[in-house]
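Take 88 as the starting number for the sequence shown in this note's numbering and just add one per residue. A virtual CB, placed ideally from N, CA and C, is assigned to each residue, including glycine. Here the structure is a predicted model, which means the values were calculated and not measured. Contents: one structure, followed by commentary.
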Amino acid sequence: MVAMSYPEKNTEDFIETYMKSKTRKSIDESMAYVNTMDYRELWDYFCETENFCLKNGRALEGFMPMWIGEFYAYYQWYYNIPSSEVLTKAPLDFLKIGYYGLRDMELELAVKKVGCQGL
């Protein structure tokens, strides 16, 4: 959503900030207040709570940002780790490089392939 809505903004900075944020930690911990927000409320909450403003830059294009979001969500669930650790285990730069090969796999297989790399 962010990459499509803000093509002149840095998607990578948003992803990295969001995954390490207090907002994301609240979601990980199943805090009902945050988990019941729609995407607009969550965006406003995230920006306010984290004092976040999108940085100028280039957005990730095409389906890549959506796929990365799905990948990170499944990776976190599959390995049962907090969001803040996902970027360490599966760095964004690694996913960008591997995207064109990984995107054609079933999501679970892609998660297993990246997970067994032991990054």
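Taking SER117 as reference, the option from PRO169, ALA177 and CYS203 with the minimal CA-CA separation is PRO169. Take the alpha-carbon of PRO94 and the one of LEU141: they are about 11 Å apart. Nearest to ARG190 by C-alpha distance, out of PHE150, CYS203 and PHE133, is PHE150. The residue among ASN97, PRO152 and MET124 with its C-alpha nearest the C-alpha of THR110 is MET124.
Residue burial is scored here from C-beta neighbours: MET106 has at least 16 other C-beta atoms within 10 angstroms and is therefore classed as buried.
The straight-line gap separating the alpha-carbon atoms of THR136 and GLY144 is approximately 23 Å. LYS200 and GLY188 have their C-alpha atoms roughly 11 Å apart. Counted as a single uninterrupted DSSP element, the alpha helix (DSSP H) harbouring GLU99 occupies residues 98-106. By the Cβ test, the segment 151-158 is in contact with the segment 179-188, since at least three Cβ pairs between them sit closer than 8 Å. Cα atoms of ASP115 and TRP164: separation of roughly 10 Å, rounded to the nearest angstrom.
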